[in-house]
Amino acid sequence: MERSGQHPLRAVPPGQPQGDHLQLLLRRSREAKNCAYCPYSRFPVGAALLTAGGEIFSGCNVENACYSLGMCAERGAIQKAISEGHTSFKAMAIASDMGDDFITPCGACRQVMREFGTDWDVYLTKGDGTYIVKKLEELLPTSFGPEDLKKV
Ligand code: THU
Numbered sequence: 001m002e003r004s005g006q007h008p009l010r011a012v013p014p015g016q017p018q019g020d021h022l023q024l025l026l027r028r029s030r031e032a033k034n035c036a037y038c039p040y041s042r043f044p045v046g047a048a049l050l051t052a053g054g055e056i057f058s059g060c061n062v063e064n065a066c067y068s069l070g071m072c073a074e075r076g077a078i079q080k081a082i083s084e085g086h087t088s089f090k091a092m093a094i095a096s097d098m099g100d101d102f103i104t105p106c107g108a109c110r111q112v113m114r115e116f117g118t119d120w121d122v123y124l125t126k127g128d129g130t131y132i133v134k135k136l137e138e139l140l141p142t143s144f145g146p147e148d149l150k151k152v
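Throughout the sequence shown, residue numbering follows full-length UniProt numbering, covering 1 to 152 in sequence.
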């Protein structure tokens with residue numbers, strides 16, 4: 001589903017942020033992107049994570065001269081939220097400077113997101129503000145998670 005702006009009659013699945021709340025989440029992901037430290041890739045990314053309680057934690061990619069130590073925006077946002085006591089999430093918005101494509105999280109970030117459930121929404125945005133929304137379950141099907149550890 002690709003959307004730009006709001007249609008007053010559109011159906012929104014329960015639990016998804018709507019209207020101004022969604023716009024704020026999208027804006028916070030763009031603002032976080034402006035803080036990206038990415039002198040090596042020159043590929044800024046921002047993420048904004050909405051908790052079950054309605055708080056937003058943002059993150060940006062933080063690279064390092066030792067390249068492999070770089071951190072993605074999505075995991076940065078999750079680290080911030082978890083370290084402040086939040087473990088239940090409703091949605092994440094992700095922003096990049098790509099004009100023609102929706103930013104999509106890397107496999108490592110998908111697995112870290114999945115740790116906190118498969119039934120929440122990820123808003124993948126384009127530079128022009130349009131977005132598509134995917135459930136974690138769609139981004140990482142047949143995933144391995146904490147529940148699996150209890151099966152042996
Ligand atoms: N990156 C993210 O932060 N999130 C994504 O969804 C894709 C990639 C970062 C990692 C690295 O700093 C730069 O973008 C290029 O891969």
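Beta carbons are placed, not taken as given, at the ideal position from N, Cα and C, and that holds for glycine.
Given the structure is predicted, the values throughout are model-derived calculations rather than measurements.
CA-CA distance, residue i and residue j?
i, j, result
"residue 108", "residue 90", "19 Å"
"residue 60", "residue 133", "20 Å"
"residue 101", "residue 126", "6 Å"
"residue 6", "residue 16", "Per-residue confidence for residue 6 stands at a pLDDT of 47, beneath the threshold of 50, marking its modelled position as unreliable; no derived number is given."
By DSSP, does residue i sit in helix, in strand, or in coil?
i, result
"residue 151", "helix"
"residue 81", "helix"
"residue 5", "A caution first: residue 5 carries a pLDDT of 48, below 50, which makes its placement in the model unreliable, though a value can still be read off. Coil."
"residue 46", "strand"
"residue 40", "coil"
For residue i, is the beta carbon positioned less than 6 Å from some heavy atom of the ligand GTP?
i, result
"residue 63", "This structure lacks the ligand GTP; its bound ligands are the ligand THU."
Using 6 Å as the cut-off, classify the Cβ of residue i as near or not near the heavy atoms of the ligand THU, replying yes or no.
i, result
"residue 81", "no"
"residue 48", "no"
"residue 122", "no"
"residue 35", "no"
"residue 133", "no"
"residue 39", "no"
With residue i as the anchor, note down where its beta strand (DSSP E) starts and where it stops.
i, result
"residue 113", "Looking at the DSSP string, residue 113 is not in any beta strand (DSSP E); the run it does join, the alpha helix (DSSP H), is 107 to 114."
"residue 121", "121 to 125"
"residue 59", "56 to 60"
"residue 32", "Segment 19 to 33 is the alpha helix (DSSP H) holding residue 32; no beta strand (DSSP E) there."
"residue 95", "89 to 96"
If residue i sits next to residue j, beta carbons under 8 Å apart, how far is it from one beta carbon to the other, in whole angstroms?
i, j, result
"residue 81", "residue 26", "About 17 Å; that fails the 8 Å criterion."
"residue 35", "residue 72", "No, residue 35 and residue 72 are not in contact; Cβ-Cβ is about 14 Å, not under 8 Å."
"residue 44", "residue 97", "6 Å"
"residue 137", "residue 119", "7 Å"
What first and last residue would you give for the alpha helix (DSSP H) that runs through residue i?
i, result
"residue 138", "136 to 139"
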